[in-house]
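Novice:
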Amino acid sequence: MIIQVINRSLVGLTLVAFLFSTIHAYGKNTSLDKAKKAYENLQYDKVTPLLKRALKAVESVNEEIEIYELFALVHATYARKDAARDAFIEVLKRAENYRLSEDVSPKIREVFAEAKNVYDGLPEKDKKLPPPGAESTSSHQHAKNDAKHVATTQQEQSPPPTKNANSEQEFLQPQEQISLQEEPSFYQRWWFWTGLGVVLGGVATIYFLQSYQQGLPEHDYAVRLQ
Amino acid sequence: MLWRQKVFVLWLAALLVHCGSDSYIILQIDDNDKTPLAIPQNVNTLTVSIKEVESLSEVGAESFVLSEEKQFPMEILLQPSTTTSKVLQVAVLGFLNTKLVARSNFQIPNWEDGKINRTKPVILENVP
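Now the structure itself:
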């Protein structure tokens, strides 16, 4: 009986944890998390579409910084120096004191140095983002524009494969551009899993409550077994 | 939380719900038509003993003073724990005071977790 009570408590806790995780997912920029994971797993072709989506749901300047930083790293990986530089400039606009970590490759460091030079040469008014009071609207709009800008830059400025370009770049670039146009499947949408979770969670809760209230079946005498 | 993790959590919840459900075994005990057992004239005490078939160790035993209000057939509820063996050997003995008057031995094969398992009606045979 004690084990059964413990089991039921675990079921309750599991359901609560599930609901909290679903609710918690609303408050997070999940696209950014996925983009980070894709980058860590070297799935570079998935990073840019996820970052585009993350920019649409951006909620803080810190998130914007992370997004543009990843944009810059991916562009630099694909040897799109101009796009990488622009992304780094967006980072610097949001965090003037931003510095690359020690373990970053010289190729990326070179692009960042170029971006820093361009940023330092910008007029003061271009270095500033809209004031914090206008962040929720204008910054969001700005982010959207930047997303378009970066995506356009990416498509327009992707250098055609040259004779000297290595085979990896020739292979990866078209693949990434195709990924940009892909729509996520229904099972990758948050509403699908949230809906499924609510339905299954509801069924499990009803089943749990019913079995809890069921009580003993009718009988004349009872024996408890070990 | 990724969708794979959500599926896993749901699966775990379903598993725990399944394991957490109560299990019951109901023994349906009846007397013999040829020599009916009236309570308390013919029988007034019933002893139930349940053993594991493999080890023959006793997992439950109880003795009931039968109430006049309850005549045969009657239902005896067994409440197994999560560690109770799936195959059980049951002995039901009917006494009139200290004299054994009826008995029945039978097996419960593979009772199921989380369900109400009803045995077929068991007939108490008179002991000469």
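Line order of the protein sequences matches chains F and X.
Residue numbering for the first sequence is -9 to 216, as defined by this note's numbering.
Residue numbering for the second sequence is 250 to 377, as defined by this note's numbering.
Beta carbons are placed, not taken as given, at the ideal position from N, Cα and C, and that holds for glycine.
Evaluate contact between the segment 99 to 109 of chain F and the segment 69 to 86 of chain F, counting only Cβ atoms and requiring at least three cross-stretch pairs below 8 Å.
Specialist: Judged by Cβ distances under 8 Å, the segment 99 to 109 of chain F makes contact with the segment 69 to 86 of chain F, as three or more pairs qualify.
Novice: So, is K24 (chain F) buried or exposed, given that buried needs 16 or more other C-beta atoms within 10 angstroms?
Specialist: Flag for K24 (chain F) reads buried.
Novice: Just the Cα atoms here: how many angstroms apart are F283 (chain X) and D362 (chain X)?
Specialist: Per the sequence shown, the amino acid found at residue 283 (chain X) is Lys instead of Phe. C-alpha separation (whole angstroms): 37 Å.
Novice: Just to confirm, are L41 (chain F) and I55 (chain F) a CB contact at a threshold of 8 Å?
Specialist: It is not a contact, given that the beta carbons lie outside the stated cut-off.
Novice: Going along the chain, which residues of the segment 180 to 200 of chain F sit with their C-beta nearer than 7 Å to a C-beta in chain X?
Specialist: The segment 180 to 200 of chain F vs chain X, Cβ under 7 Å: W183, G187, L190, A194, Y197 and F198.
Novice: With C-beta atoms as the reference, is L295 (chain X) less than 8 Å away from G343 (chain X)?
Specialist: Contact: yes.
Novice: Out of curiosity, what's the CA-to-CA distance linking E311 (chain X) and V297 (chain X)?
Specialist: Whole-angstrom Cα-Cα distance: 5 Å.
Novice: Taking the continuous alpha helix (DSSP H) assigned at F61 (chain F), which residues delimit it?
Specialist: Its alpha helix (DSSP H) spans residues V51 to T67.
Novice: For L315 (chain X), I'd like the list of residues in its chain whose CB is within less than 7 Å of its CB, leaving aside the five on either flank, ordered along the chain.
Specialist: Within the same chain, L315 (chain X) has close Cβ partners I288, P289, V292, N293, T294 and L295.
Novice: Please work out which residues of its chain come closer than 8 Å, Cβ to Cβ, to L261 (chain X), disregarding the five sequence neighbours upstream and downstream, and give them in chain order.
Specialist: Excluding positions up to five away in sequence, the list is empty.
Novice: According to DSSP, simplified to helix, strand and coil, what is I274 (chain X)?
Specialist: I274 (chain X) falls in the strand class under three-state DSSP.
Novice: Use the C-beta contact count for S175 (chain F): other C-beta atoms within 10 angstroms, 16 or more gives buried, fewer gives exposed.
Specialist: Looking at its Cβ environment, which holds fewer than 16 other Cβ atoms inside 10 Å, S175 (chain F) is exposed.
Novice: Which term fits Y273 (chain X), buried or exposed, when burial requires 16 or more other beta carbons within 10 angstroms of its beta carbon?
Specialist: It counts as buried.
Novice: For the segment 292 to 319 of chain X, enumerate the residues whose C-beta is nearer than 8 Å to any C-beta of chain F, in chain order.
Specialist: The residues in question are L295, V297, I299, V308, G309, A310, E311, F313 and K319.
Novice: Give the residues of chain F in contact with P285 (chain X), contact being defined as C-beta atoms less than 7 Å apart.
Specialist: Chain F residues near P285 (chain X): none, gap ~17 Å exceeds 7 Å.
Novice: If S353 (chain X) sits next to V341 (chain X), beta carbons under 8 Å apart, how far is it from one beta carbon to the other, in whole angstroms?
Specialist: Between V341 (chain X) and S353 (chain X) the Cβ distance is about 5 Å, and since that is below 8 Å, they are a contact.
Novice: Taking Cβ-Cβ distances shorter than 8 Å, what residues in chain F pair up with P329 (chain X)?
Specialist: L215, listed in chain order.
Novice: Count the other C-beta atoms from every protein chain shown that fall within 10 angstroms of the C-beta of R99 (chain F), then say buried if there are 16 or more, exposed otherwise.
Specialist: The residue in question, R99 (chain F), is exposed, as its Cβ has fewer than 16 Cβ neighbours within 10 Å.
Novice: Do L373 (chain X) and L259 (chain X) have their C-beta atoms within less than 8 Å of each other?
Specialist: For L373 (chain X) and L259 (chain X), no; Cβs fall outside 8 Å.
Novice: Who are Q328 (chain X)'s beta bridge partners in DSSP?
Specialist: DSSP, once it has assigned bridges, lists F:R214 as partnering Q328 (chain X).
Novice: Compare the C-beta of L342 (chain X) with all C-beta atoms of chain F and state if any pair is closer than 8 Å.
Specialist: Closer than 8 Å: no.
Novice: Among X:K348, X:K369, X:P370 and X:Q356, whose alpha-carbon lies nearest the alpha-carbon of V194 (chain X)?
Specialist: With chain X covering 250 to 377 only, the question about residue 194 (chain X) has no answer from this structure.
Novice: With which residues is D72 (chain F) paired in a DSSP beta bridge?
Specialist: For D72 (chain F), which the question treats as bridged, DSSP gives no partner whatsoever.
Novice: Could you tell me which residues DSSP puts in a beta bridge with L337 (chain X)?
Specialist: BP columns for L337 (chain X) point to X:E301 and X:I357.
Novice: Measuring only between beta-carbons, confirm whether P174 (chain F) sits less than 8 Å from chain X.
Specialist: Taking Cβ atoms only, chain X never reaches closer than 8 Å to P174 (chain F), which makes this a no.
Novice: Buried or exposed for Y177 (chain F), please, with buried defined as at least 16 other CB atoms from any protein chain shown within 10 angstroms of its CB.
Specialist: Exposed is the call here.
Novice: Tell me the DSSP secondary structure of A85 (chain F) in three-state form.
Specialist: It is coil, neither helix nor strand.
Novice: How would you list, in chain order, the residues of chain F whose beta-carbon sits under 8 Å from the beta-carbon of T368 (chain X)?
Specialist: Near T368 (chain X) there are no residues of chain F at all, since even the closest Cβ is about 13 Å away, more than 8 Å.
Novice: If you count every other CB in all the chains shown that lies within 10 Å of the CB of L327 (chain X), and 16 or more means buried, which is it?
Specialist: Per the 10 Å Cβ criterion, buried.
Novice: G191 (chain F): buried (16+ other C-beta within 10 angstroms of its C-beta) or exposed?
Specialist: So G191 (chain F) ends up on the buried side.
Novice: Identify the continuous beta strand (DSSP E) that holds E307 (chain X) and give its terminal residues.
Specialist: Note, E307 (chain X): beta strand (DSSP E), E307 to V314.
Novice: DSSP three-state label for R179 (chain F), please.
Specialist: In the structure shown, R179 (chain F) sits in coil (DSSP, three-state: anything other than H, G, I, E or B).
Novice: Quick one: Cα of I299 (chain X) to Cα of V256 (chain X), how far?
Specialist: Going by the C-alpha atoms only, they are around 41 Å apart.
Novice: Can you have a look at G187 (chain F) and say buried or exposed, based on whether 16 or more other CB atoms are within 10 angstroms of its CB?
Specialist: That one is buried.
Novice: Measuring straight from C-alpha to C-alpha, what distance separates S21 (chain F) and A62 (chain F)?
Specialist: Approximately 17 Å between the Cα atoms of the pair.
Novice: What is the residue span of the alpha helix (DSSP H) that I98 (chain F) lies within?
Specialist: Unbroken alpha helix (DSSP H) run through I98 (chain F): P96 to G111.
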